[in-house]
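Residue numbers for the sequence shown follow this note's numbering, so the first one is 942 and each next one is one higher.
Even glycine gets a Cβ: it sits at the ideal position worked out from N, Cα and C.
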Amino acid sequence: MTALIVGHFVLAACARPLVRWLGARAFLVLALPPAATTCWAFTQWDTAASGSSADWSWAWMPAYDVSVSLRLDALAELMVLLASGVGTLVLLYCASYFKDTTPGPAGFAGNLLAFAGAMLALVLSDDLISLYVFWELTTVFSYLLIGYDSEQRHSRRSALQALTVTTLGGLAMLIGFLIVGREAGTYRVSGILADPPPATTALEVAVLLILCGALSKSAVWPFSLWLPNAMAAPTPVSAYLHAAAMVKAGVYLVARLAPAFADVPGWRPVVMVLGAATMLLGGWRALRLHDLKIVLAYGTVSQLGFLVLLAGVGNRDAALAAAAMILAHALFKAPLFLVTGIIDHAAGTRDLRKLSGVGRALPHVCAVAVLAAASMAALPPLLGFAAKEAAFEALLHGDTAERWALGITVAGSALTVAYTARFVWGGFLRKPGVADTPVHRVGPAFLAAPAVLVACGLVLGPGVGWTDRLLSAYADAFPAPAHPYHLALWHGWGTALLLSAVATAGGAVLFAARDRVARFSRRIAWPTADGVFGRLLLGLERLSLQATGFVQRGSLSVYLATTLLVMLAGQLSVLIADRPWHGASAPRLWDVPLQGAIAALTCAAALLCLTVRRRMKAVVLAGLTGYGTALLFVVQGGPDLALTQFCVETVSMIVFVLVLRRMPVHFQESVSTWRRAVRIPVALAAAATLGVVVWVAAAARTASPAGAAMVEETADHGLKDVVATILVDLRAWDTMGESAVLAAAAIGVTSLIYLHRRAEGTAAPSEVRGRTAWSVTAEPLTGVPRGDEGAPERDWLAAGGTLAPEHRSVVFEVVARLLFHPILVLSVYLLFCAENMPGGGFVGGLVAGLALITRYLAGGRFELAEAAPLQPGLFTGLGLFLSTGVALFGLWDGTVLHAWTYHGHLPLIGDFEFGTPVIFDCGVYLLVLGVVLDIVRALGAKIDRQIERAAAEKAAARRAGPEPGEAAP
């Protein structure tokens, strides 16, 4: 099972090169995983039909009883056959639907196959959490498939609408899953079904939340608005997702959980009332539409309501009818969508008012469509008739609520017959006053997929008994009635057959009066759900804009004050209510007087920031506070923290200086006296409150500190540096998460600066000799040697020719060139010595970044390009790849981030050891180096370009101005 699921995703990742090499024929290759899954499922038929199951499980989060568990039983067997079998045929259909010149088929092909893999994993999942994961994967891939034509506004809106509705339902479902898992004591679906938790208020709420997710996925009212709009997707998507796969996920979940929760208060009223309402509303709406695909879409909504009603009733015969109807619906609705795509290709339109005589021009297509439509209308001897008979019989012998549901179902079936006849008439028959629609011929390969599905529906009508054993194996999970129903095409003359005849006759009457029905339907039509959704989004957008305008006024001081006041209110309320300082040990001012002196100097530097008017002075004073903090770490005995703080503060100050080049020298904001009088107390109160909170938190410890255990653990591994061991081994999860956040933040910042291309690239020789920000910011000086006149025999910097003499510092250039490589060696030393001495990948990356910053400060952006010709993204990506790779490599032993150590011996060097934490730290080193390089290129090189451009424009303006002595016009 796992190999089949993984095979879908692996081949989906290869879709782009396959489409590039094979064109549309790549869909034939991509059909192999679902085809193999279909064959495997057929081999498991007897196992599932006998009531047994095939199981596989892997402990994902053992502490929380969460596992990736797969289970193939009777219901899963049915869904696997539908998802994989129909998926195979749809992919084969795509080979004819798309042309080699069609734009964007590679992404479509990969997303469609990945969706098939996610759907396969969903129906096989035997754990609620893993089921939710694959549930949301189907949501994401459906969003990508619906929005395939992203240049069309309607496609983007439809994809976003489907994503919004199904995701909100999925989040509600997740909460329900968590509550059910808590109440049942397990997240295993099979365990919950075998021993359902007792009905409590919490369980009732959980069941309703789960139904929100299931009904939103299956487009049951009031969540049905997204499915008709999803017809903006290509026809293969509609045939697969909206007939056989995605929309069936909600029905599947209802059918899966009904044996355990059908008797929970609230379950039956929700599924029966909403299912019946959806069946009527969808069928009624389909009678007045003109797009064949939209007619089928609302027909699908109607049928989904019927399926949810049957699956949620909660008795054995209704469950059997629901399983048969799930099979029949896939076998008639998927070919109808595929035939609609053929009509659209052949005739260039899907408007039934413009189509005429297509059945004569395409007789084989018409035959396939008529057979599929007959099954949808429940006409014998097709599978749809047998399934509908089973549904009528199950509801007929139920309680009062089920008999009411039976009456609504008969009315809905009449609507089904009416819109089915309207589909066939509109798509294939001749219409008075409408000329025959010109069409081009359709190849047999194009028609093969819908023909195979229709043939299955035709064969399984008389042969529906062949499926009875499998479908009954699922239905037998419910209490058995005295006379259990069995699937057959003919059960003799009875009430169910009479109801079928009434539904067919009623549908024929509605079709005969179609014009009057359509006019009446439009007259009494309510506002469309799509319109209501659009108005809700518009109102939400306006509300958010007003709230944003009220809260975000463009003043950083207001934002900071708001944040501090909220923090003050929360912390002070807790401190006043709990009084946690009672019994806490009194705080010490310092351990040694030197700490007090450094702290006083640091506070003095912070207070001086309030008095300066120049930005540069404020940056220097702010930097001094950071250096003061680093000195406190030194005095306290934390060299690792001190080294990191020194490096971070140095890089931060340089970044500030680079930014200040584009900002005014003095602060522009004028602060009134009353504002200053408000800010100072807020700042002091926030500082005092934070200090008290830190003291209370430290004094509230009741357990033994973890430091001693970490020291012991580090010593057991033969290491000395506890901090580095914590970062790359004991708490490596935290480090990996922080690394990812750091990379995302750096990419976000630099993306705001680079509007077009982020690449810097190696400077060309001709460009290096050009004018740069280092040579255009001042007028040339007279009497200063230029060119080769008086120049040294060699340049200390690779881009020294770009520097103006008045801006050059030979001493700085020499020092930068001489120290560059030693600093890099020092960074590598800090990386590898971290196990026993202060250092580590983070500090080493910062030091290496400082080496590159030194080259930039000495020679400008071209010097930086020569010193680091590779892109920053390469370092960042490689660092994340190494860190993540080490984490996943630990799964070899069953645990993420499991540490491995290799002990060896080398001549001249002696014994050595090399572990995966070192590789992890190398990833951190490369990531930090890439982040620093990216920021320097963005805030340094990019701003250099802006300065050069401004200087060039100013010089051009001077050259274009009037000559001296000439009068200005």
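In the three-state DSSP reduction, Glu1653 falls in the helix class (H, G or I). DSSP, reduced to helix, strand and coil, places Ser1297 outside both helices and strands of the structure shown, so it counts as coil. Within a 10 Å sphere around the beta-carbon of Asp1532 sit fewer than 16 other beta-carbons, which makes this residue exposed. Here the alpha carbons of Gly1117 and Thr1141 stand approximately 13 Å from one another. Apart from the 5 residues on each side of it in sequence, Pro1528 sits with its Cβ closer than 6 Å to the Cβ of Trp1636 in its chain, given in chain order. The continuous alpha helix (DSSP H) containing Ser1157 extends over residues Thr1142 to Lys1158.
Taking a 10 Å sphere around the C-beta of Leu1548, we find fewer than 16 other C-beta atoms and assign the residue as exposed.
In the DSSP assignment, Arg1012 falls outside any alpha helix (DSSP H) and within the unbroken beta strand (DSSP E) covering Val1007 to Leu1013.
Looking only at Val1869, Tyr1843, Val970 and Ile1850, the smallest Cα-Cα distance to Thr1857 is reached by Tyr1843. Looking only at Phe1574, Asp1885 and Tyr1568, the smallest Cα-Cα distance to Thr1591 is reached by Tyr1568. Under DSSP, Thr1842 forms a beta bridge with Gly1856.
Assigned with DSSP and collapsed to three states, Gly1088 falls in coil, not helix or strand. Three or more Cβ pairs drawn from the segment 1313–1330 and the segment 1343–1360 lie within less than 8 Å of each other, which places the two stretches in contact. Apart from sequence neighbours up to five positions away, the residues of its chain that approach Leu1760 with a beta-carbon distance below 8 Å are Ala1792 and Thr1795, ordered along the chain.
Residue environment: Asn1777 is assigned as exposed (fewer than 16 neighbouring CB atoms within 10 Å of its CB, all protein chains considered).
Bounds of the alpha helix (DSSP H) holding His1270 are Arg1257 to Ala1288.
Residue state for Ala995 is assigned as strand, using DSSP reduced to three classes. Taking 7 Å as the cut-off, the beta carbon of Phe1452 is found closer than this to the beta carbon of Arg1363. In the structure shown, Leu1438 falls within a helical segment according to DSSP collapsed to helix, strand and coil. Residue environment: Cys1307 is assigned as buried (16 or more neighbouring CB atoms within 10 Å of its CB, all protein chains considered). With contacts defined by Cβ atoms closer than 7 Å, Phe1861 and Ser1824 form a contacting pair. If only uninterrupted beta strand (DSSP E) runs of at least 3 residues are considered, none is enclosed by the segment 1065–1134. Here His1305 carries a helix assignment [DSSP, helix/strand/coil]. Inside the segment 1413–1501, DSSP marks whole alpha helix (DSSP H) runs of 4 or more residues at positions 1436–1453, 1455–1464 and 1470–1492, from first to last along the chain. The distance from the Cβ of Val1161 to that of Leu1245 is about 6 Å, consistent with a contact at the 8 Å cut-off.
With respect to the C-alpha of Pro1810, the residue from Glu1754, Phe1753, Asp1875 and Ala1563 having the closest C-alpha is Asp1875. Short of 8 Å from the beta carbon of Ile1120, and not among the five residues preceding or following it, lie these beta carbons of its own chain, in chain order: Ala1143, Leu1144, Val1146, Ala1147 and Leu1150. Looking at the DSSP output, Leu1759 bridges to nothing. Ranked by Cα distance from Thr1570, the options Pro1534, Ala1540 and Ser1514 are led by Ala1540. Distances from the alpha-carbon of Leu1251 to those of Leu1194, Arg1294 and Gly992 put Leu1194 closest. Put simply, of Tyr1181, Trp1615, Gly1881 and Thr1107 the residue whose alpha carbon is nearest the alpha carbon of Arg1802 is Gly1881. Annotated as distal: Val1106 and Val1192, with beta-carbon spacing of 7 Å or more. For the set Ala1892, Ala1775, Arg1878 and Ala1673, the Cα lying nearest the Cα of Val1827 is the one of Ala1673. In this model, His1095 and Lys1234 are separated by some 15 Å (Cα to Cα).
CA-CA distance, Ile1349 to Ala1264, rounds to 20 Å. Here the alpha carbon of Leu1868 sits roughly 28 Å from the alpha carbon of Gly1648.
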